[in-house]
Amino acid sequence: MTLSTVFTEMFGVRHPIASAPMGGSAGGALAAAVSRGGGFGILGGAYGDPEWLAREVPIVAATGGPWGVGFLTWGIDLAAVELALSHGPSAVMLSFGDPSPYTERVREAGARLILQVTDLEEARQAVDLGADVIVAQGTESGGHGAAHGRSTLPFVPAVVDLVAPVPVLAAGGIADGRGVAAALVLGAAGALIGTRFQATVEALADPSITRAIVEGRGQDTERSNLLDVARGSGWPSKYPARTLGHPYLDRWRGREAELAADPQALQDYQDDVARGAITPLPVWAGEAVDLITDLPPAEDLITAMAAQAEEALNRAGRR
164 MTLSTVFTEM
174 FGVRHPIASA
184 PMGGSAGGAL
194 AAAVSRGGGF
204 GILGGAYGDP
214 EWLAREVPIV
224 AATGGPWGVG
234 FLTWGIDLAA
244 VELALSHGPS
254 AVMLSFGDPS
264 PYTERVREAG
274 ARLILQVTDL
284 EEARQAVDLG
294 ADVIVAQGTE
304 SGGHGAAHGR
314 STLPFVPAVV
324 DLVAPVPVLA
334 AGGIADGRGV
344 AAALVLGAAG
354 ALIGTRFQAT
364 VEALADPSIT
374 RAIVEGRGQD
384 TERSNLLDVA
394 RGSGWPSKYP
404 ARTLGHPYLD
414 RWRGREAELA
424 ADPQALQDYQ
434 DDVARGAITP
444 LPVWAGEAVD
454 LITDLPPAED
464 LITAMAAQAE
474 EALNRAGRR
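Here is the structure:
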C-alpha cells in the first residue's frame with residue numbers, strides 16, 4: 164500500500180509527511196534528512212536572518228530533492244522572502260500574520276505557496292490568495308498558535324471541506340504514523356509535524372531541550388504568552404505558545420502585565436538562562452509529546468512513520 168496523495172504528487176515525494184519549519188531548530192541537516200527519507204523538509208527561516216539562511220540552505224539544497232522554507236509572516240519583510248527564493252526552494256511556507264504582501268512574489272518565482280491557517284476565515288483568505296497547500300493547525304500543536312483556535316480533529320475536516328480542491332496538511336498533536344493515518348482519514352493530503360522532529364539527531368536544538376521533550380508528558384504542556392513576555396520576544400499576544408512546564412510559568416502565571424513592567428524580573432530571566440538554570444528557549448511541545456521517547460535520525464523516523472501509517476490504515480480497513 165503506497166500512501167500517494169495530491170501532496171506527494173505535487174512535490175514528488177514518497178510519503179505525505181512534512182517537517183514543520185521550527186525557527187532555529189529546523190535547519191538544513193534536518194530538512195535534508197527528511198527529504199532523503201522521502202518526506203518534505205522545510206527550513207525554519209523564522210525572521211529571515213540572512214546569515215542563518217546562507218549557512219543552512221546549502222545543506223538541504225545539496226540533496227537535490229524537494230525542500231521548502233518557512234517564515235513567521237508577522238516578523239519578515241520582502242527582502243527575507245527574496246533571499247529565500249534566490250536559493251530555489253520548492254515551496255515557501257508563511258505562518259502567523261497577513262501573507263498577502265508576499266504571495267505574488269512567491270508565485271512569480273515558481274515556488275509553491277504553503278499557507279498555515281488557524282481558523283476558517285484564514286482558510287478562506289488562503290484560497291483567495293492562491294495557496295497551493297494549506298496547513299490546518301490545531302491547538303494541540305507545540306509552539307505558537309491562535310489564542311482561540313480549534314482542536315485538530317474537528318478543524319482539519321472543516322478546512323478540507325471549505326478549501327477543496329486545495330490540498331490540506333494536518334498539524335497539531337501528530338507525532339507518529341498513527342497520527343499521519345488519522346490525518347489522511349480526515350481528508351488531509353498529509354501531515355506537518357513539529358515536536359517529533361525537534362527530538363531528532365539533526366535538529367538544531369540544545370540538548371537540554373531535546374531531553375525535556377523525550378521525558379515530557381502531554382498533560383504538562385500549557386498554552387501561554389508569559390514566556391514570550393519573560394524573554395522579551397516580539398511575538399504578538401494573539402499567538403500564545405504551547406510549552407512544557409517552566410519555573411517562570413509557575414512563578415508568574417496570570418501576572419503577565421506585572422512581569423512585563425518589572426525590569427528586574429526580566430533581567431532575572433536572562434540571568435537564569437545564562438547560568439543554565441532554565442533552558443535557552445522555552446520547550447515548545449505539542450500534546451503528543453508522550454509519544455516521543457527517543458532521539459532517532461530523521462531519515463529513519465520518516466521511514467518508520469510511513470510504515471506505521473500504512474499499517475494503521477490496513478488494520479482499520481480489515482475491521
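Sequential numbering of the sequence shown, starting at 164, is according to my numbering. All residues carry an ideal CB built from backbone N, CA and C; glycine is no exception.
Let me confirm a value: residue i is counted as buried when at least 16 other C-beta atoms fall within 10 Å, else exposed. Which label applies?
{"i": "residue 391", "result": "buried"}
{"i": "residue 354", "result": "buried"}
{"i": "residue 221", "result": "exposed"}
{"i": "residue 400", "result": "exposed"}
{"i": "residue 439", "result": "exposed"}
{"i": "residue 285", "result": "buried"}
{"i": "residue 370", "result": "exposed"}
{"i": "residue 251", "result": "exposed"}
{"i": "residue 481", "result": "exposed"}
{"i": "residue 424", "result": "exposed"}
{"i": "residue 314", "result": "exposed"}
{"i": "residue 365", "result": "buried"}
Suppose you measure from the CA of residue i to the CA of residue j; what does that come to, to the nearest Å?
{"i": "residue 443", "j": "residue 202", "result": "29 Å"}
{"i": "residue 112", "j": "residue 262", "result": "Outside the modelled stretch of the chain, which goes from 164 to 482, sits residue 112, for which no answer is possible."}
{"i": "residue 266", "j": "residue 292", "result": "7 Å"}
{"i": "residue 363", "j": "residue 240", "result": "31 Å"}
{"i": "residue 188", "j": "residue 206", "result": "9 Å"}
{"i": "residue 182", "j": "residue 338", "result": "11 Å"}
{"i": "residue 301", "j": "residue 280", "result": "9 Å"}
{"i": "residue 367", "j": "residue 329", "result": "32 Å"}
{"i": "residue 229", "j": "residue 174", "result": "7 Å"}
{"i": "residue 258", "j": "residue 299", "result": "11 Å"}
{"i": "residue 343", "j": "residue 217", "result": "32 Å"}
{"i": "residue 460", "j": "residue 357", "result": "15 Å"}
{"i": "residue 243", "j": "residue 402", "result": "21 Å"}
{"i": "residue 214", "j": "residue 387", "result": "30 Å"}
{"i": "residue 306", "j": "residue 248", "result": "26 Å"}
{"i": "residue 383", "j": "residue 271", "result": "44 Å"}
{"i": "residue 333", "j": "residue 346", "result": "6 Å"}
{"i": "residue 437", "j": "residue 204", "result": "32 Å"}
{"i": "residue 483", "j": "residue 172", "result": "Limits of the chain in this structure are 164 at one end and 482 at the other, which puts residue 483 out of reach."}
{"i": "residue 409", "j": "residue 260", "result": "27 Å"}
{"i": "residue 264", "j": "residue 168", "result": "30 Å"}
{"i": "residue 269", "j": "residue 434", "result": "41 Å"}
{"i": "residue 381", "j": "residue 223", "result": "31 Å"}
{"i": "residue 219", "j": "residue 398", "result": "24 Å"}
{"i": "residue 395", "j": "residue 308", "result": "18 Å"}
{"i": "residue 475", "j": "residue 348", "result": "11 Å"}
Under 6 Å Cβ to Cβ from residue i, same chain only, skipping five residues before and after it: list those, please.
{"i": "residue 295", "result": "275, 276"}
{"i": "residue 379", "result": "407, 448, 452"}
{"i": "residue 310", "result": "401, 403"}
{"i": "residue 177", "result": "201"}
{"i": "residue 304", "result": "334, 335, 449"}
Under the assumption that residue i contacts residue j (Cβ atoms under 8 Å), give the Cβ distance between them as a whole number of angstroms.
{"i": "residue 404", "j": "residue 170", "result": "Incorrect: roughly 27 Å between the Cβ atoms, too far for contact."}
{"i": "residue 232", "j": "residue 179", "result": "With 8 Å as the limit, residue 232 and residue 179 do not qualify as a contact, their Cβ atoms being about 20 Å apart."}
{"i": "residue 193", "j": "residue 360", "result": "6 Å"}
{"i": "residue 450", "j": "residue 336", "result": "5 Å"}
{"i": "residue 255", "j": "residue 290", "result": "Rounded, the Cβ-Cβ distance is 17 Å, inconsistent with contact."}
{"i": "residue 340", "j": "residue 479", "result": "Contact doesn't hold; Cβ gap of about 12 Å is too wide."}
{"i": "residue 465", "j": "residue 200", "result": "3 Å"}
{"i": "residue 196", "j": "residue 473", "result": "Not really, about 21 Å apart at Cβ, beyond 8 Å."}
{"i": "residue 393", "j": "residue 429", "result": "7 Å"}
{"i": "residue 198", "j": "residue 226", "result": "5 Å"}
For residue i, I'd like the list of residues in its chain whose CB is within less than 8 Å of its CB, leaving aside the five on either flank, ordered along the chain.
{"i": "residue 389", "result": "411, 412, 415, 416, 419, 422"}
{"i": "residue 331", "result": "296, 297, 298, 299, 319, 322, 323, 350, 351, 352"}
{"i": "residue 312", "result": "281, 282, 300, 301, 302, 318"}
{"i": "residue 210", "result": "186, 234, 235, 238, 239, 243"}
{"i": "residue 377", "result": "362, 455, 456, 457, 458"}
Going by beta carbon distance, what residues of the same chain come within less than 7 Å of residue i, once the five residues before and after it are set aside?
{"i": "residue 375", "result": "407, 442, 446"}
{"i": "residue 426", "result": "none"}
{"i": "residue 471", "result": "339, 340, 341"}
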